[in-house]
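Protein sequences, first through last, are from chains A and H.
69 is the number that my numbering gives to position 69 of the first sequence; each next residue is one higher, with no gaps.
Offset between the second sequence (1-based) and my numbering: plus 333.
Working notes, structure below.
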Amino acid sequence: MMMRYILWRIAAMIPTLLIISALIFTIIELPPGDYFESYISELQAQGEGVDMQEIEELRAQYGFDKPPILRYFHWVGGMLTGDFGYSFEYQLPVNEVVGDRLWLTILVSFCTILVTWLVAFPIGIYSATHQYSWGDYGLTFLGLLGIAIPNFTLALILMYFANIWFGISIGHLMDQKFLGEPMSWEKAKSILEHLWIPVIIVGTAGTAGMIRRLRANLLDELQKQYVVTARAKGLHPFRALIKYPLRMSLNFFVADIGSILPQIISGAEITAIVLSLETTGPMLIKALQSQDMYLAGSFLMFLAFLTVIGMLISDIALAFLDPRIRLQGGSAK
Amino acid sequence: MNSGADLLRIEQLGIAFKMMGGQLEAVRNASLRVLPGKVTALVGESGSGKSVISQAVMGILPNTASATGRILFCDPENPGNPIDILSLPRDGKAIRDLRGRRLGKIFQEPMTSLSPLHTIGNQVGEALRIHEPVSKAETRDRVEEMLGLVGFANPARTREMYPFELSGGMRQRTMIAMALICRPSLLIADEPTTALDVTIQAQILQLLRELQAKLNMAMLLITHDLGVVANVADEVVVIYRGEIMEAGPVETIFRRPAHPYLKGLMAAVPHFDMKPGERLKALREIPVNADTLIGKRKQERQGPEILLSVRNVIKTYGTRKSSWFGKNTAAGVRAVDDVSFDVRRGECLGIVGESGCGKSTLSKIVMRAVTPDSGSVTYFDRDGKAIDVLSSEGNDLKTLRTKIQMVFQDPVSSLSPRMTIQNILSEPLEIHDRGSAQERKEKVLRLVQAIGLDQSALNRYPHSFSGGQRQRIGIARALALGPDLMICDEPVSALDVSVQAQILNLLKDLQKELGLTYFFISHNLAVVDYMADRIAVMCGGRIVELAPRETLMRSPVHPYTKALLAAVPFPDLDRPLDFAAVQACGATGTASWAAQFRADNDDNALAAADLGGGHIVLARRNADVRELQP
Numbered sequence: 001m002m003m004r005y006i007l008w009r010i011a012a013m014i015p016t017l018l019i020i021s022a023l024i025f026t027i028i029e030l031p032p033g034d035y036f037e038s039y040i041s042e043l044q045a046q047g048e049g050v051d052m053q054e055i056e057e058l059r060a061q062y063g064f065d066k067p068p069i070l071r072y073f074h075w076v077g078g079m080l081t082g083d084f085g086y087s088f089e090y091q092l093p094v095n096e097v098v099g100d101r102l103w104l105t106i107l108v109s110f111c112t113i114l115v116t117w118l119v120a121f122p123i124g125i126y127s128a129t130h131q132y133s134w135g136d137y138g139l140t141f142l143g144l145l146g147i148a149i150p151n152f153t154l155a156l157i158l159m160y161f162a163n164i165w166f167g168i169s170i171g172h173l174m175d176q177k178f179l180g181e182p183m184s185w186e187k188a189k190s191i192l193e194h195l196w197i198p199v200i201i202v203g204t205a206g207t208a209g210m211i212r213r214l215r216a217n218l219l220d221e222l223q224k225q226y227v228v229t230a231r232a233k234g235l236h237p238f239r240a241l242i243k244y245p246l247r248m249s250l251n252f253f254v255a256d257i258g259s260i261l262p263q264i265i266s267g268a269e270i271t272a273i274v275l276s277l278e279t280t281g282p283m284l285i286k287a288l289q290s291q292d293m294y295l296a297g298s299f300l301m302f303l304a305f306l307t308v309i310g311m312l313i314s315d316i317a318l319a320f321l322d323p324r325i326r327l328q329g330g331s332a333k
Numbered sequence: 334m335n336s337g338a339d340l341l342r343i344e345q346l347g348i349a350f351k352m353m354g355g356q357l358e359a360v361r362n363a364s365l366r367v368l369p370g371k372v373t374a375l376v377g378e379s380g381s382g383k384s385v386i387s388q389a390v391m392g393i394l395p396n397t398a399s400a401t402g403r404i405l406f407c408d409p410e411n412p413g414n415p416i417d418i419l420s421l422p423r424d425g426k427a428i429r430d431l432r433g434r435r436l437g438k439i440f441q442e443p444m445t446s447l448s449p450l451h452t453i454g455n456q457v458g459e460a461l462r463i464h465e466p467v468s469k470a471e472t473r474d475r476v477e478e479m480l481g482l483v484g485f486a487n488p489a490r491t492r493e494m495y496p497f498e499l500s501g502g503m504r505q506r507t508m509i510a511m512a513l514i515c516r517p518s519l520l521i522a523d524e525p526t527t528a529l530d531v532t533i534q535a536q537i538l539q540l541l542r543e544l545q546a547k548l549n550m551a552m553l554l555i556t557h558d559l560g561v562v563a564n565v566a567d568e569v570v571v572i573y574r575g576e577i578m579e580a581g582p583v584e585t586i587f588r589r590p591a592h593p594y595l596k597g598l599m600a601a602v603p604h605f606d607m608k609p610g611e612r613l614k615a616l617r618e619i620p621v622n623a624d625t626l627i628g629k630r631k632q633e634r635q636g637p638e639i640l641l642s643v644r645n646v647i648k649t650y651g652t653r654k655s656s657w658f659g660k661n662t663a664a665g666v667r668a669v670d671d672v673s674f675d676v677r678r679g680e681c682l683g684i685v686g687e688s689g690c691g692k693s694t695l696s697k698i699v700m701r702a703v704t705p706d707s708g709s710v711t712y713f714d715r716d717g718k719a720i721d722v723l724s725s726e727g728n729d730l731k732t733l734r735t736k737i738q739m740v741f742q743d744p745v746s747s748l749s750p751r752m753t754i755q756n757i758l759s760e761p762l763e764i765h766d767r768g769s770a771q772e773r774k775e776k777v778l779r780l781v782q783a784i785g786l787d788q789s790a791l792n793r794y795p796h797s798f799s800g801g802q803r804q805r806i807g808i809a810r811a812l813a814l815g816p817d818l819m820i821c822d823e824p825v826s827a828l829d830v831s832v833q834a835q836i837l838n839l840l841k842d843l844q845k846e847l848g849l850t851y852f853f854i855s856h857n858l859a860v861v862d863y864m865a866d867r868i869a870v871m872c873g874g875r876i877v878e879l880a881p882r883e884t885l886m887r888s889p890v891h892p893y894t895k896a897l898l899a900a901v902p903f904p905d906l907d908r909p910l911d912f913a914a915v916q917a918c919g920a921t922g923t924a925s926w927a928a929q930f931r932a933d934n935d936d937n938a939l940a941a942a943d944l945g946g947g948h949i950v951l952a953r954r955n956a957d958v959r960e961l962q963p
């Protein structure tokens, strides 16, 4: 039963992704001109000669002389075989341009989500069980601050004070000498040393929001009759809390996964620019500006893929967590 | 009294809640006892503090409550050493050790008292796992034994089910199993049957009695229903506004009630032995001022005898049953299945049935709030003009809307909390453009006076009224347009007994004064018996029996009607429930019906058979009428 559901959901992802890819392609194609035209005008503006023949050759090579519909299929077909196209800006295949950055992005995002949960859970539970206490008010205040301060502002402030007080620069994800080098113990250590700052900065708002939602959900559940039932059985109040209301309030938490993944990855872009992180964010923005279409398209597809995967994970997890979803089939009403 | 003999002794208990501006005393100076192996019933209306007492005994009072006095629990396992529950630290180890092990509790709402995410086995076995060092296999065996004891046919299967897969009665059985798994010496049952249908209620009461005798356990039964008390209790304690009014053995309490409150309560309950025309004595009677409703006084019965004619109405609700793999099978449930009847001008037609029998759907069809799949509903106005309720448009529909009005079950949610009483009552007049602003104002004033409220009520909001007063406002709103037919959908089931009598009497008086016709829906047979001239019994979407009141009560023919009548607990010690008769009945128990009443999966097998004198019963087409006679 469950297996069939999962397989069905995975199968349903294919048309979803196809539709998304068509949308992305259309949007990138919408502005007049292409990369070569912007490239030519840039060269001309600098007073340099343009080797039109080379340009025409490139155009032919990447099918820019063909109608858009053919180019779309070429692009999608390439992605299926792991060929994401060619970045004109960097004059390298997209795979190589993105390379490390993709993994670093995933690392930053994953750590951020983890930290968000680790911090939000205990605080949310504390706030709900000690409603209207000083602790609750204090944590709520901090949380609201976290929501209110934009990430990039926080990044700027942190950078400023780190420089003034400790005299260090906290930008980048690793020491600059490791850039472009193969992975080594030294490099990994350097990444970990730099990692915590973007994680904290990107995670604040998410953590604060999650604390608020967990608190609200838990407060609702704590009033429910089955909590009294559990206490009437002689269950320790804390264990009753973990077993019943917390479990119930997990539903929203899990349902959140789907939106958290892409949100954190795309939401971190401005922070990434401010901190000059070696993630994909700054690259995506630049690629969009210069109409570097294969690079931009690949990035957008990647985001879409994460969204769809996140939804899948949260739906499956929900079905595992809640027997009503698992056993009742569709809704009865 | 020798305190050693009492299992539970509550002495001078006072419970107060911290409120915004001071303290609210919920319970004052209450003392009561529960004898080992006996049932003590704590009777009172809502807000009387009876549930708070039960919470205090379990030590699960809300944080804002503070208790004084003593609650002594004398555990038979450890006699001669009573424990004062109030002196134990809140949620400490000592009280947790008592909860679930020596004290079990079942709650009113079986729907919300169980966690929807955990299996029955998990929840029932939990108390066992907490209190006793048991292995997994042992837990499973004990859980299955307990589930068998509370009447589950297949305990092994039930153990793995989730609460949402069970009906209300089954969930309450699960709650009982959960409370009794550790064999407590005291069971606290807080309104254990209030949320259940009468036939299910009778089964649960029987189960509680049996288990109580079998496990030799005492029970503190909290209820508002004197009928339940008469059938189950050994001792009775009556509580009113946080104070104990009267206490004693059930015999004394029922045969010689001394306190005026208790006497009043007993006179306020409708029962089957009322003489025609006998009135209930509400604790506080509401004078009806129908005289002020000019233009609607004492209209003689004009027009044709039939006011409303319902023919072959069918309504099917589709339930989408989809499996995980997109296979949708549309299985329809017939909420109303080929129902035909007439409502006569000036009468009160009662509809009785248990939850899910289709009575509310039927009322909505008559209101034209729900469109049936087929069938016809015709309304005859005073001039004899027939209006098709289901398809009328324009002016006809507008007239219809003024002629048929509804009184709802829930007085809280049926009045908008953002409108004053003035606005609520004048809204129907504004919609139908009745009179000038000044005239509407006068009319509203007359309406509130008619239901026994005064002018000062007009500028207040619904939240400042009690449940009974809100229901009266609901009735006034229904009266505003001068309807002929009032549909009352469970108008008193959300109200306390004493208020219930008040509302029923008000409805009766209004009917007499204004010549109204009622279509009165209730699950409570005694209430319908008090109100109705003719009674229709619904079961599974069909009217199984329809007869004048006396006929139906004296000589019911259909087995379902009989079961329903047998399941009503009387507040009378000489008429105990016949538990044998209630077993295996209810809407699902059709298999036990006599052959001539069963459809046996043949959709067209049953038809209404006329027994004469307006007595109609649903039976097989080929059944002999004489055979059906009682």
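Even glycine gets a Cβ: it sits at the ideal position worked out from N, Cα and C.
These numbers come from a predicted model, not from an experiment.
{"Item": "Distance cutoff 8 Å, beta carbons only. Does Met352/H sit that close to anything in chain A?", "Value": "no"}
{"Item": "Quick one: list the residues of chain A neighbouring Gly874/H, beta-carbon separation under 7 Å, in chain order.", "Value": "Result: empty, since nearest Cβ-Cβ is about 18 Å, beyond 7 Å."}
{"Item": "Got a sec: which bits of the region 440–462 of chain H sit with their beta carbon under 7 Å from any beta carbon on chain A, in order along the chain?", "Value": "Phe440, Glu442, Thr445, Ser446, Leu447, Ser448, Pro449, Leu450, Glu459 and Ala460"}
{"Item": "Please classify Thr81/A as buried or exposed, where buried requires at least 16 other C-beta atoms within 10 Å of its C-beta.", "Value": "exposed"}
{"Item": "Within a Cβ cutoff of 6 Å, which residues of the same chain sit near Ala917/H, ignoring the five residues on either side of it in sequence?", "Value": "Any reading at Ala917/H is ruled out, since the residue's pLDDT is 49, under 50, leaving its predicted position unreliable."}
{"Item": "Going residue by residue through the region 764–805 of chain H, where are the continuous alpha helix (DSSP H) segments of at least 4 residues, counting only ones entirely within it?", "Value": "770–783"}
{"Item": "Please list the partners that Pro68/A has in chain H, where partner means a Cβ-to-Cβ separation under 7 Å.", "Value": "By Cβ distance, chain H contributes nothing, its closest Cβ being about 35 Å from Pro68/A, past 7 Å."}
{"Item": "Along the region 687–706 of chain H, what residues have a CB closer than 9 Å to any CB found in chain A?", "Value": "none"}
{"Item": "Give the residues of chain H in contact with Arg324/A, contact being defined as C-beta atoms less than 9 Å apart.", "Value": "Pro449, Leu450, Tyr495 and Phe497"}
{"Item": "How many angstroms separate the CA atom of Ser169/A from the CA atom of Thr16/A?", "Value": "43 Å"}
{"Item": "Alpha carbon to alpha carbon, how far is Leu179/A from Leu195/A? Give it in angstroms, no decimals.", "Value": "15 Å"}
{"Item": "Using a beta-carbon distance below 8 Å, is Asn130/A in contact with chain H?", "Value": "Position check: residue 130/A holds His in this sequence, whereas Asn was assumed. No, His130/A does not count as interfacial toward chain H."}
{"Item": "In its own chain, which residues sit with a C-beta less than 8 Å from the C-beta of Pro449/H, not counting the 5 before and 5 after it?", "Value": "Tyr495, Pro496 and Phe497"}
{"Item": "Among the residues of its own chain, which have a CB less than 8 Å from the CB of Val467/H, if the five just before and after it don't count?", "Value": "Leu461 and Arg475"}
{"Item": "Are the Cβ atoms of Ile521/H and Ser387/H separated by less than 8 Å?", "Value": "yes"}
{"Item": "For Asn151/A, does the three-state DSSP call read helix, strand or coil?", "Value": "helix"}
{"Item": "How about Arg215/A: is its C-beta nearer than 8 Å to some C-beta of chain H?", "Value": "no"}
{"Item": "Taking the beta carbon of Tyr132/A as the centre, do at least 16 other beta carbons fall within 10 Å, making it buried, or is it exposed?", "Value": "exposed"}
{"Item": "Here's a check: name, in chain order, each residue in its chain whose Cβ is nearer than 6 Å to the Cβ of Arg667/H, leaving out the five neighbours to either side.", "Value": "Thr649 and Gly874"}
{"Item": "Between Ser799/H and the ligand COA, is the CB less than 7 Å from at least one heavy atom?", "Value": "In terms of ligand content, the structure shown is empty, and the ligand COA therefore cannot be addressed."}
{"Item": "Between the region 227–239 of chain A and chain H, which residues of the former have CB atoms less than 7 Å from a CB of the latter, in chain order?", "Value": "Val228, Thr229, Arg231, Ala232, Lys233, Gly234, Leu235, His236 and Pro237"}
{"Item": "Using a Cβ cut-off of 7 Å, pull out every chain A residue sitting near Arg429/H, in sequence order please.", "Value": "Gly234 and His236"}
{"Item": "Exposed or buried, which one is Glu611/H when buried takes at least 16 other CB atoms within 10 Å?", "Value": "exposed"}
{"Item": "Return the chain-ordered ranges of every beta strand (DSSP E) run that is complete within the region 675–718 of chain H and spans a minimum of 3 residues.", "Value": "681–685 and 707–713"}
{"Item": "Please say whether Leu640/H and Arg678/H have beta carbons closer to each other than 8 Å?", "Value": "yes"}
{"Item": "Determine whether the Cβ of Lys359/A lies closer than 8 Å to any Cβ atom of chain H.", "Value": "Any answer about residue 359/A is impossible in this case: the structure gives chain A only from 1 up to 333."}
{"Item": "Under three-state DSSP, which class holds Phe161/A?", "Value": "helix"}
{"Item": "In the region 383–416 of chain H, which residues sit with their C-beta less than 7 Å from some C-beta in chain A, listed in chain order?", "Value": "Met391 and Ile393"}
{"Item": "Is there a Cβ of chain H sitting closer than 8 Å to that of Tyr244/A, yes or no?", "Value": "yes"}
{"Item": "Output the distance between the C-alpha atoms of Thr307/A and Ile24/A, rounded to the nearest integer angstrom.", "Value": "14 Å"}
{"Item": "Would Ser249/A and Glu221/A be called neighbours here (beta carbons separated by less than 8 Å)?", "Value": "yes"}
{"Item": "Alpha carbon to alpha carbon, how far is Glu465/H from Ile242/A? Give it in angstroms, no decimals.", "Value": "21 Å"}
{"Item": "I need the boundaries of the alpha helix (DSSP H) containing Gly49/A, first residue and last residue.", "Value": "Where Gly49/A is concerned, there is no enclosing alpha helix (DSSP H), given that its DSSP letter is neither H nor E."}
{"Item": "Tell me the DSSP bridge mates of Cys515/H?", "Value": "BP columns for Cys515/H are empty, so no partner."}
{"Item": "Report buried or exposed for Gln223/A, applying the criterion of at least 16 other Cβ atoms within 10 angstroms of its Cβ.", "Value": "exposed"}
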